[in-house]
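Just so we're aligned, residue 0 is where the sequence shown starts under numbering that gives the first Met the number 0, counting upward by one.
These notes concern the structure reproduced below.
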Amino acid sequence: MSGRIEDYALIGDMQTAALVGRDGSVDWLCMPHFDSPACFTALLGDEQNGNWWIRPTDGPVRATRRRYRPDTLILESEWDTDEGTVRVIDFMPPRGGAPHLVRIVEGVRGRVSVSTELRVRFDYGNVVPWITRSGTELVAVAGPDSVWLSTTVPLRGHNFVHDAEFTVSAGQRVPFVLTWHPSHTEESDHLDAEKSLSRTERFWKQWVDDCSYKGEYREAVVRSLITLKALTYRPTGGIVAAPTTSLPEEIGGVRNWDYRYCWLRDATITLEALIRSGYTEEARAWREWLVRAVAGEPQHMQIMYGVRGERRLAEWEADWLPGYEDSRPVRIGNAAVQQYQLDVYGEVMDVLDLARRCGLNGGDHLWGMQRSLVNFLEWCWDEPDEGLWEVRGPRQHFVHSKVMAWVAADRAVRAIEEFGEEGPLDRWRSLRDTIHAEVCEYGFDARRNTFTQYYGSTELDAALLLIPEVGFLPYDDPRVVGTIEAIRDDLMVDGFVMRYRTDREEAADKLPGDEGAFLACSFWMANALLSIGREKEARELFERLLSLRNDLGLLAEEWDSSAGRQVGNFPQAFSHVPLVTTALNLAHADDRVRGTGD
C-alpha cells in the first residue's frame, strides 16, 4: 500500500515530478509531463500499478532519516542497519532533452546489502510493457511510451518485475538512471549521474540565491519557493496546482480531483509571492502563460487550463485503480473546466494590474483584451455561478464572485485614471459602484455583522477573508472585522479554517462526505488577523500551520485534524504560496515596529 501523504518527498525537473516515499519507493511519476499518464501509479493503488523501490535488504523499511540537500530539490534518504549505513540520493535534473530520474546508492558506513525492484506500468498502471535488453540496459515499451534503465547492477526479470540485490561499501556509489523516450525514437545520449548531480545542485543553489526574503521564516519560505518552482512547467511558465490527481480530501471519500492543471484563481497571489520574493522572471513567465491561455472571446474564458494552455481537460475515471486508501473514484482530467465562475474575470484583471504596477509591462494588446473582458462583464456580472470552490451543486450568487467582478471593474477604472489607458471611464465607474452597492445590500447579514457565502444565505465562506485584501473594503471597516470574527467562530475547527460547512442543509456544496481544513484559508486568516492588529494571534496561527508541514517542509491541500494527517493533492501550490505571502507580511509588520518599513 502507499504511504501517508506526508510520507512523500517531491523531486522534479520543472516539466514533471515524482513522489518518493520514506520506504525508498517511487510511487508516482508521470512521463514526460505533469499531465501525462503515469508509469508509476502505486500511490493510487499498490505496487502492481507500478513503482520502483531501493532500500536495504535486511533492515528498517522506512528510512532512518531524510532531508533535501540545503537549498535544492535533491533528496537524500539514509537507512541505518546492523551492517552499516546506506544513502539513496534521488533527483531529476533540469531538463535539456529527455526526462531523467536519477537514483544514486551511496555506502556511508560498513558494507550494506541493498535490494531494488522495478515495476513499470504505463497508462496509470493499466499497461504492462514489453521489456527487452539493449546491452546493459533494460528497455520497457508499450504504445507511445518507452523507458530505459541504465545501471551497472544486473537485474533479473520474473513475473513482470525486475529486481536485484547488491552490496555497497563505505564510499562506494552505484548509479541508476531511468529515462523516458517516445517509443518510436532511439535512446538519447547516456546521462552521467555524478555530473548531473553536480549540475542539478548548482542550478538550485544559484536559483535560491536570488531570494530576497531574509526573515526569521526563511527556511520555510525557501522550501515553499523551491516547491513552487518545481511545479512550474518551464517551457510555458504555467504552474500546476499540484503534481498529483485524486489524493482525497476525505480518506475513503469521493472528493478526489485532478490538480495537474493551472488555475486562474491562483494568478494574483502567485505573481505577488514571486515578485515580492525577488523572482521577476518567473512572475513574467506566469503572466505571459496567463495572457496566452485566456486569449480569445471573453465568454469562453475558463477557470483553468493545461500547462501549455490547453482548454479541453475532459474528466474520466480510471476504474481499474482502487484509489488512495480506497478513495474512489480516481479521476483523470477535471470537469470543473466547464464551469462558469465569475471570479476569473477579476483574477485576470487583478493580476495584470499588479504586473503593470510592478513594471511587467505588456503590449497594447493586453489593454485591448482587458477592455473586452470588462465589456463582457457588464452584461453577465449579475448572473449566478459555481463560485471559487467549484461546487458541484446549483449555481448561486456567491459573494466572493461578485466582489471579484467589482475587482475587474475597479482595476479597469484605475488603469484609465492612473495609467492613461483609454476606456469608458464614467460607465465603468458606474458599474463598479453598482456591484459594490448590491454586494453590501444582499451579501451582508446586518444582524450578525458578517458577509455571507451567497445572497440570502446564512452560511459563511473563507473566501470572504479576501474582501479587504482586494480593496473592496478596508480592514478597519466594522463589516470586515465582523466577517473575520464570524469566520473564526464558525469555520475554525481545531484551530484551522474550513472553506465552508458541508454538513448543513444550506450548504452550496451538494457532494456527499466531508473534507479537511483548507490550508490556504488558514493562511488567509493569519493575514486577516495581522491586518486588523492582532499580530500575536496571526503569528500563533502561522506557526501552527508551519508545524503541519512534513519533515521536508511540504504541505498538501488540507489538514484532517481528527486523524492528524495531511489530505488532498500533494504538494499543493495553493498552500505554499500563501505561506510565502504571510511570512512576507509578518516581516513587513516587524519592520514597521522597528521603524525600518515604509
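Backbone N, C-alpha and C fix where the C-beta goes; we use that ideal spot for every residue, glycine too.
> How is the beta strand (DSSP E) around Pro477 delimited, first residue to last?
Replying inline: That residue, Pro477, is in no beta strand (DSSP E); its alpha helix (DSSP H) goes 477-490.
> Skipping 5 residues on each side, what residues in its chain have a beta carbon closer than 7 Å to that of Val579?
Replying inline: The residues are Val220, Ser223, Leu224, Ala272, Ser276.
>> Suppose only complete runs of 4+ residues qualify. What are the alpha helix (DSSP H) ranges in the stretch 317-388, listed by chain order?
In response: Runs of the alpha helix (DSSP H) inside the stretch 317-388: 342-356, 363-379.
> With which residues is Tyr67 paired in a DSSP beta bridge?
Replying inline: Its beta-bridge partners are Leu74.
>> Could you compute how far the alpha carbon of Val592 sits from the alpha carbon of Asn584?
In response: Residue confidence is low: Val592 scores 49 on pLDDT, short of 50, so the model does not pin down where it sits. Its coordinate-derived value is still stated next. Using only the alpha carbons, I get a separation of about 13 Å.
>> With distance defined between alpha-carbon atoms, name the residue in Met13, Thr15, Gln14, Gly23 nearest to Tyr7.
In response: Tyr7 has its Cα closest to that of Gly23, out of Met13, Thr15, Gln14, Gly23.
> If you compare alpha carbons, which of Asp550, Arg548, Leu545, Phe569 is closest to Glu556?
Replying inline: With distances taken between Cα atoms, Glu556 lies closest to Phe569.
>> Can you tell me where the alpha helix (DSSP H) holding Gly106 begins and where it ends?
In response: Not the alpha helix (DSSP H): Gly106 falls in the beta strand (DSSP E), residues 99-118.
>> For Phe90, tell me which candidate among Gly552, Ser76, Thr451 has the shortest Cα-Cα distance.
In response: Considering only Gly552, Ser76, Thr451, the residue with the shortest C-alpha distance to Phe90 is Ser76.
> In terms of residues, what are the limits of the alpha helix (DSSP H) holding His435?
Replying inline: Bounds of the alpha helix (DSSP H) holding His435 are 424-441.
>> Quick check on Pro153: does DSSP put it in helix, strand or coil?
In response: Reduced to three states, the DSSP call for Pro153 is coil.
>> Once DSSP output is grouped into helix, strand and coil, what is the label at Leu263?
In response: When DSSP states are grouped into helix, strand and coil, Leu263 belongs to the helix group.
> Could you give the residue range of the beta strand (DSSP E) that holds Phe90?
Replying inline: Here the beta strand (DSSP E) through Phe90 covers 83-90.
> Which residues in the same chain have their Cβ closer than 8 Å to the Cβ of Asp162, if we skip the five residues on either side of it in sequence?
Replying inline: Residues of the same chain with a CB within less than 8 Å of the CB of Asp162, apart from the 5 flanking positions on each side, are Ser114, Thr115, Glu116, Leu117, Leu154, Arg155 in chain order.
>> Assuming contact is defined by CB atoms lying nearer than 9 Å, are Val101 and Phe175 in contact in what I supplied?
In response: Closer than 9 Å, so yes.
>> Starting from Val138, trace the beta strand (DSSP E) in both directions and tell me its first and last residue.
In response: Here the beta strand (DSSP E) through Val138 covers 136-141.
> In whole angstroms, what separates the C-alpha of Ile4 from that of Ala229?
Replying inline: Taken atom to atom, the span from the alpha-carbon of Ile4 to that of Ala229 is near 18 Å.
> Between which two residues does the beta strand (DSSP E) carrying His180 extend?
Replying inline: That run of the beta strand (DSSP E) goes 172-181.
> Taking the alpha carbon of Asp191 as the point to measure from, which residue in Phe522, Thr501, Glu185, Leu177 has its own alpha carbon closest?
Replying inline: Ranking Phe522, Thr501, Glu185, Leu177 by CA distance to the CA of Asp191 puts Leu177 first.
> Within 10 angstroms of its Cβ, does Asp597 collect 16 or more other Cβ (buried), or is it exposed?
Replying inline: Below a pLDDT of 50, predicted positions are generally treated as unreliable, and Asp597, at 46, falls in that range; the measurement from the model is reported next regardless. By the C-beta density criterion, Asp597 is exposed, having fewer than 16 other C-beta atoms within 10 angstroms.
> Taking buried to mean at least 16 other C-beta atoms within 10 Å of its own C-beta, is Lys213 buried or exposed?
Replying inline: Exposed.
> Ile268 by DSSP, collapsed to three states: which one?
Replying inline: Assignment of Ile268 by DSSP, reduced to helix, strand and coil, places it in the helix class.
> Can you give the Cα-Cα distance for Trp288 and Tyr344, rounded to whole angstroms?
Replying inline: About 16 Å.
> Taking Asp318 as the reference, which of Arg327, Leu312, Arg310 has the closest Cα?
Replying inline: The candidate whose alpha carbon is nearest that of Asp318 is Arg327.
> Which term fits Ala240, buried or exposed, when burial requires 16 or more other beta carbons within 10 angstroms of its beta carbon?
Replying inline: Counting other Cβ atoms within 10 Å of its Cβ, Ala240 reaches 16 or more and is therefore classed as buried.
>> Would Ile53 and Val111 be called neighbours here (beta carbons separated by less than 9 Å)?
In response: The answer is no: Cβ separation not under 9 Å.
>> Tell me which residue opens and which closes the alpha helix (DSSP H) that Thr451 is part of.
In response: No alpha helix (DSSP H) contains Thr451, which DSSP labels as neither H nor E.
>> For Trp262 and Glu218, what's the separation of their Cα atoms in angstroms?
In response: Rounded to the nearest angstrom, the gap between the Cα atoms of Trp262 and Glu218 is 27 Å.
> In or out: Gly49 buried (at least 16 other Cβ within 10 Å) or exposed?
Replying inline: Within 10 angstroms of the beta-carbon of Gly49 lie 16 or more other beta-carbons, which makes it buried.
> Using DSSP with H/G/I as helix, E/B as strand and the rest coil, what is Val592?
Replying inline: Model confidence at Val592 stands at a pLDDT of 49, short of 50, so the residue's coordinates are unreliable; what they give is reported in the following sentence. In the structure shown, Val592 falls within a helical segment according to DSSP collapsed to helix, strand and coil.
> For the stretch 244-251 against the stretch 292-299, are there 3 or more C-beta pairs whose distance is under 8 Å?
Replying inline: The way I'd put it, the stretch 244-251 doesn't touch the stretch 292-299; fewer than three beta-carbon pairs between them come closer than 8 Å.
>> Just to check my reading of the structure: Ala516 and Phe495 have Cβ atoms closer than 8 Å, yes? What is that Cβ distance to the nearest angstrom?
In response: With a Cβ gap of about 4 Å, Ala516 and Phe495 count as contacting.
>> Just to confirm the assignment, what range does the beta strand (DSSP E) spanning His161 have?
In response: Residues 160-168.
> Beta-carbon separation of Trp256 and Arg330 under 9 Å?
Replying inline: Result yes, Cβ atoms of Trp256 and Arg330 sit closer than 9 Å.
>> Quick check on the DSSP output: the beta strand (DSSP E) that includes Asn50 runs from which residue to which?
In response: Its beta strand (DSSP E) spans residues 50-55.
>> Is the beta carbon of Thr581 closer than 9 Å to that of Leu529?
In response: Yes. Within cutoff.
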